[in-house]
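Q: Okay, handing you the structure first.
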Amino acid sequence: MTLFLASVGFGLVTASVLAIASIGFTLQFGVTDVLNLAFGAVMIAGAFLAYLLNSHGVNIWICLVVAAAACSAGSVLLNAVVYAPFQRRGTAPITMVIVSLGMTLIIEFGVQAIAGGTSVSYTMSQGPTVSAGGFTLSAVQFVVIGLSLLVMAGTHVLLRYTRLGKAMRATAANRTLARNCGIRAGRVITATWAITGALCGMAGVVFAMDAGSFDATSTDLFLVLILAAVFLGGPGQAYGAMLGAVVIGLATEVSAAFIPASYKYVVAFLVLLLMLGVRPTGLLGKAAT
Amino acid sequence: MKFTRLAAGRRRSALALGTAAIAVAGLAACSSGSSSGGASGGALTIADVAPFSGPDAALGPTYLASCYGATSAINAAGGVDGHTLTCKSVDTRGDPADAVPAVNQMFASTANLALVIGCTSDEAASVVPIINAHKMAMFCMTGQSEFDSVHYQYFYRLVPPDLEESYADVAIAQQLGYTKIALAFGNDIGSQTFIQPAISALKKAGMTLTTDQTLDLTATTFRTEAEAIVQSHPQAIMTEALGSADPTLFSEIKQLNGGKMIPIIGTSAAISPAFFKAATAAVGASAFVANFHADNLVTETSGPAYQAFSKALLSQQGKVPGATGDFTTYLSAPGGVHLYDGINLAALAMVMSKSTSPSVYGPDILKIGDGSPGATVCYSFASCASLLKSGKAIQYEGPGGVTSFDSYHDSTGIFQIDTYSANGAVNVVGNLTAAQLRAVS
């Protein structure tokens with residue numbers, strides 16, 4: 142019972158990290174129409190940028206802000222230099238996926254060529270550990286959960302109450318119609334890359350803080366979990382990604398309390414497959430008409 | 034109009050070519066490193082076939098450090114019959130699927146290949162038959178038991194089977210007075226081979242296995258696994274999960290165990306600067322060194338062989354690509370010591386046979402390592418080569434000690450117990466006798 146409760150707590154932490162990344166990924170996909178598999182590679186690039194600063198004595202929370210800003214700029218650049226030119230030529234979506242896969246390798250191996258192949262850790266305190274009723278979480282893990290809630294609330298405010306958010310939703314729903322209504326879709330897409338890139342950078346640093354020790358390839362499996370959370374919630378659905386992250390995060394950690402831990406990701410994907418079998422468009426995805 | 038189309042077509046082709054070139058250059062930069070300096074027209078290449086990326090990325094640079102050290106000393110002594118030696122890294126990413134094409138590419142692109150080193154448990158099963166089929170001599174760092182009984186003519190090994198290392202870890206636990214042990218091994222081939230021998234050895238030693246956790250090396254947290262270990266109340270944890278897995282596990286155990294580490298018994302793979310750096314960064318140097326022991330093959334820490342080895346290796350400090358952390362740790366790293374010996378044995382065999390062809394010099398590796406009656410014992414390439422040139426029979430005794438090859442070209446030594454100092458220096462704190470190992474095997 143104690144292990145079960147502890148694993149629920151761990152699942153919430155995993156879900157929090159996953160939620161930040163999944164929201165960024167699904168917004169990016171929904172608005173820009175690019176299934177950007179290089180998202181994980183940009184995350185780890187952000188994590189290593191933060192490591193570079195942190196190893197020179199910069200506070201990790203300042204590093205997080207810098208990494209978010211750098212990944213925001215990097216993502217805008219990635220779209221402008223790579224994805225947008227291909228899209229303008231009418232490249233098929235599946236080809237765009239291959240392009241993004243290529244970018245994953247280039248960015249990831251680029252990071253590895255610079256940073257080396259060994260594992261690194263941030264210099265930071267995890268803060269006091271709080272144990273209550275089977276839950277055992279550190280202060281940093283509470284901050285990560287809080288940060289995730291903040292991102293979720295911020296995303297809600299952005300999409301519901303701001304002009305940009307409404308324009309993003311309109312562009313995601315029908316780009317041509319949005320243009321005809323006077324929305325500058327190009328600017329909206331650039332703003333989306335900037336916002337989701339910042340979330341990507343933030344997710345990278347939080348991911349690395351949570352992992353404790355990371356290397357250039359650490360996000361390879363995490364990207365698969367992001368995809369699972371996004372498709373479970375319904376691709377392009379920000380609220381769905383939040384829900385998907387919670388389900389996947391809890392499923393992986395709680396299952397590890399009862400079955401050999403090396404199978405915990407299998408359980409997460411069984412949940413995904415079962416859910417898609419019942420509801421092919423995901424938890425919050427709209428059914429095809 | 035036609036010209037414009039042609040120009041546009043050329044621009045597109047140029048762009049496509051440029052993109053492809055960048056992609057290929059990016060990938061190539063990671064899949065194969067360049068060689069050390071000193072290459073000339075007559076240079077021979079030693080290929081370090083090992084992981085330079087992925088979870089076991091620390092292994093490749095460890096072996097490369099050994100290669101740089103050994104070849105620098107050999108080249109300084111005049112090389113092998115006029116040939117200088119140079120080192121080349123071949124990245125297997127620790128995965129047979131990547132290792133096989135990398136090795137095939139190595140053979141296709143390396144005309145002057147004279148020896149292969151590395152071939153860890155991650156990829157040995159898939160690459161050893163290929164290397165053997167190319168009639169290329171190899172000194173492998175695999176403990177897989179299949180090489181105890183399958184004969185490959187060009188395969189040589191100076192490290193023990195993994196099952197003996199498992200017995201050594203259980204013997205360390207016994208010597209330290211622990212009776213309740215948890216296992217936490219990575220899900221890679223190289224780590225999984227330890228588990229069954231360790232479980233049977235624990236049983237034979239009358240110890241209790243509190244929990245057996247397999248760590249997915251691609252995972253990023255092991256909190257539930259760490260909690261399961263903490264709740265099973267072990268006195269020590271036996272582990273091998275390289276890359277970021279073990280450091281992450283240690284930090285999570287420390288957090289979940291009220292800020293206290295549980296004593297760790299690692300394998301010889303943990304004796305590397307990269308592992309020390311990652312582990313101390315994760316839990317702090319004082320907590321790590323106070324709670325860590327590892328088995329390691331007995332290696333010399335003084336005497337003429339060690340002096341030659343340390344001089345050669347330390348001369349390469351700052352020159353080895355990918356080598357991080359305290360360089361002196363390589364003096365105790367299993368790959369550092371035994372591959373240095375392997376390279377020296379192969380180079381001396383080339384001198385003795387006056388051939389750089391493995392099918393010709395291979396048999397002389399055994400003669401030089403095991404020696405023959407009346408052979409003069411020598412401790413470095415320079416002194417041994419000098420004796421060979423004067424017509425004397427020799428027995429090479431390097432920092433890894435004397436060899437005793439069996440019919441499968443395996444030569445295994447005896448074990449010692451290592452710890453770390455807070456600055457990363459490796460300390461020998463005990464030895465394990467053959468009787469101790471037999472008692473748990």
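As they're listed, the protein sequences go chains Y and U. One point on numbering: in our numbering, the residue at position 130 of the first sequence is 271, and numbering is uninterrupted. One point on numbering: in our numbering, the residue at position 157 of the second sequence is 190, and numbering is uninterrupted. Every residue, glycine too, gets a C-beta built ideally from N, C-alpha and C. Since the structure is predicted, the reported quantities are computational estimates derived from the model, not experimental observations.
Throw me the rounded Cβ distance for the Pro230 of chain U and Leu196 of chain U pair, which I believe falls under 8 Å.
A: Confirmed, Cβ separation roughly 4 Å.
Q: Could you tell me which of U:Ala458, U:Cys411 and U:Asp451 sits nearest to Val435 of chain U, measuring between CA atoms?
A: It is U:Cys411 whose Cα lies nearest to the Cα of Val435 of chain U.
Q: Mapping the DSSP letters down to three states, classify Ser440 of chain U as helix, strand or coil.
A: Residue state, collapsed to three classes: coil.
Q: Can you have a look at Asp245 of chain U and say buried or exposed, based on whether 16 or more other CB atoms are within 10 angstroms of its CB?
A: Buried, because 16 or more other Cβ atoms sit within 10 Å of the Cβ of Asp245 of chain U.
Q: Can you give, in chain order, each stretch of the alpha helix (DSSP H) that sits fully within the region 189 to 269 of chain Y and has at least 4 residues?
A: 201 to 219, 225 to 229 and 234 to 256, all fully within the region 189 to 269 of chain Y.
Q: Taking the continuous alpha helix (DSSP H) assigned at Val393 of chain U, which residues delimit it?
A: First-last of the alpha helix (DSSP H) with Val393 of chain U: Pro391 to Asp403.
Q: Rounding to the nearest angstrom, what Cα-Cα distance links Pro394 of chain U and Thr125 of chain U in this structure?
A: Sequence inspection shows Tyr at residue 394 of chain U; the Pro mentioned does not correspond to that position. Computed Cα separation, rounded: 27 Å.
Q: Leaving aside the five residues before and after Ile185 of chain Y along the sequence, list all residues of the same chain whose C-beta is less than 7 Å from its C-beta, in chain order.
A: These residues qualify, in order along the chain: Glu249, Val252, Gly345, Ala357, Ser359 and Thr360.
Q: Here's a check: name, in chain order, each residue in its chain whose Cβ is nearer than 7 Å to the Cβ of Leu159 of chain Y, leaving out the five neighbours to either side.
A: Same-chain partners within the cutoff: Leu366, Ile367, Ala370, Ala386, Ile389 and Gly390.
Q: For Gly431 of chain U, name the three-state secondary structure that DSSP assigns.
A: It is a strand residue.
Q: What number of angstroms, rounded off, separates the C-alpha of Ala204 of chain U from the C-alpha of Met385 of chain U?
A: The straight-line gap from Cα to Cα measures roughly 41 Å.
Q: Buried or exposed: Ala166 of chain U, going by 16 or more other Cβ atoms within 10 Å of its Cβ?
A: It is exposed - the Cβ of Ala166 of chain U has fewer than 16 other Cβ atoms within 10 Å.
Q: Between Gly402 of chain U and Ala141 of chain U, what straight-line distance do the alpha-carbon atoms span, to the nearest angstrom?
A: Cα to Cα, the separation comes out at about 31 Å.
Q: Count the other CB atoms, across all protein chains shown, that sit within 10 Å of the CB of Thr389 of chain U; report buried if there are 16 or more and exposed otherwise.
A: Buried, by the Cβ-count rule.
Q: Looking only at C-alpha atoms, which of U:Ala109, U:Asn108, U:Ala158 and U:Val113 sits nearest to Ala132 of chain U?
A: Selected option, being the one with the closest Cα: U:Ala158.
Q: Phe372 of chain Y by DSSP, collapsed to three states: which one?
A: Note: Phe372 of chain Y maps to helix in three-state DSSP.
Q: If we call anything under 8 Å between Cβ atoms a contact, is Ala356 of chain U one with Ala98 of chain U?
A: Contact flag set, yes.
Q: I need the straight-line Cα distance from Ile286 of chain Y to Ala303 of chain U, nearest angstrom please.
A: So the alpha carbons of these two residues sit roughly 34 Å apart.
Q: For Ser148 of chain Y and Glu285 of chain U, which I take to be in contact (beta-carbon distance under 8 Å), what is that distance rounded to the nearest angstrom?
A: That belief does not hold up - the Cβ atoms of Ser148 of chain Y and Glu285 of chain U are roughly 13 Å apart, past 8 Å.
Q: Give the DSSP-derived three-state secondary structure of Cys152 of chain U in the structure shown.
A: Coil, per DSSP.
Q: Along chain U, in chain order, which residues have C-beta atoms closer than 8 Å to that of Ala402 of chain Y?
A: Simply Gln246, Thr247, Leu248, Asp249, Phe255, Thr257, Glu258 and Ala261.
Q: How far does the alpha helix (DSSP H) with Gln225 of chain U in it extend, from its first residue to its last?
A: From DSSP, the alpha helix (DSSP H) with Gln225 of chain U extends over Ile222 to Gln225.
Q: Within the 8 Å Cβ cut-off, does Thr357 of chain U reach chain Y?
A: So, interface residue.
Q: In its own chain, which residues sit with a C-beta less than 8 Å from the C-beta of Thr277 of chain Y, not counting the 5 before and 5 after it?
A: Same-chain partners within the cutoff: Ala147, Gly150, Thr270 and Val271.
Q: Only counting the same chain, and skipping five residues up and downstream in sequence, which positions put a Cβ closer than 6 Å to that of Val172 of chain Y?
A: The answer, listed in chain order, is Met309, Thr312, Ala313 and Thr333.
Q: Taking 8 Å as the CB-CB limit, is Ser301 of chain U close to chain Y?
A: Taking Cβ atoms only, chain Y never reaches closer than 8 Å to Ser301 of chain U, which makes this a no.
Q: Just to confirm, is the Cβ distance from Thr264 of chain Y to Thr254 of chain U under 8 Å?
A: No.
Q: Starting from His297 of chain Y and walking both ways along the alpha helix (DSSP H), at which residues does that stretch end?
A: Element bounds for His297 of chain Y: Ala280 to Tyr302.
Q: Considering only their Cβ atoms, is the gap separating Leu364 of chain U from Leu378 of chain U smaller than 8 Å?
A: No, the Cβ-Cβ distance between Leu378 of chain U and Leu364 of chain U is not below 8 Å.
Q: Going along the region 221 to 241 of chain Y in order, which residues come within less than 8 Å of chain U, judged by CB to CB distance?
A: Going along the region 221 to 241 of chain Y in chain order, one finds no residue with a Cβ nearer than 8 Å to chain U.
Q: Could you work out which residues of chain U lie near Ala352 of chain Y, taking near to mean beta carbons separated by less than 8 Å?
A: The contacting residues are Thr253, Thr254, Ser277 and Thr281.
Q: Which same chain residues end up closer than 7 Å to Gly223 of chain U when comparing Cβ atoms and leaving out the 5 residues on each side of it in sequence?
A: These residues qualify, in order along the chain: Thr153, Ser154 and Asp155.
Q: For a contact defined as C-beta to C-beta under 7 Å, what are the partners of Leu364 of chain Y on chain U?
A: Neighbours of Leu364 of chain Y on chain U: none; closest Cβ ~11 Å, over 7 Å.
Q: Within its chain, find whatever has a CB closer than 7 Å to the CB of Gly112 of chain U; leave out the 5 residues flanking it on each side and keep chain order.
A: The residues are Leu118.
Q: Mind checking Ile247 of chain Y: buried by the 16 CB within 10 Å criterion, or exposed?
A: With 16 or more other Cβ atoms within 10 Å, it is buried.
Q: I'd like to know if Phe348 of chain Y contacts chain U, where contact means its C-beta is closer than 8 Å to some C-beta of that chain.
A: Answer yes: the Cβ-Cβ gap between Phe348 of chain Y and chain U drops below 8 Å somewhere.
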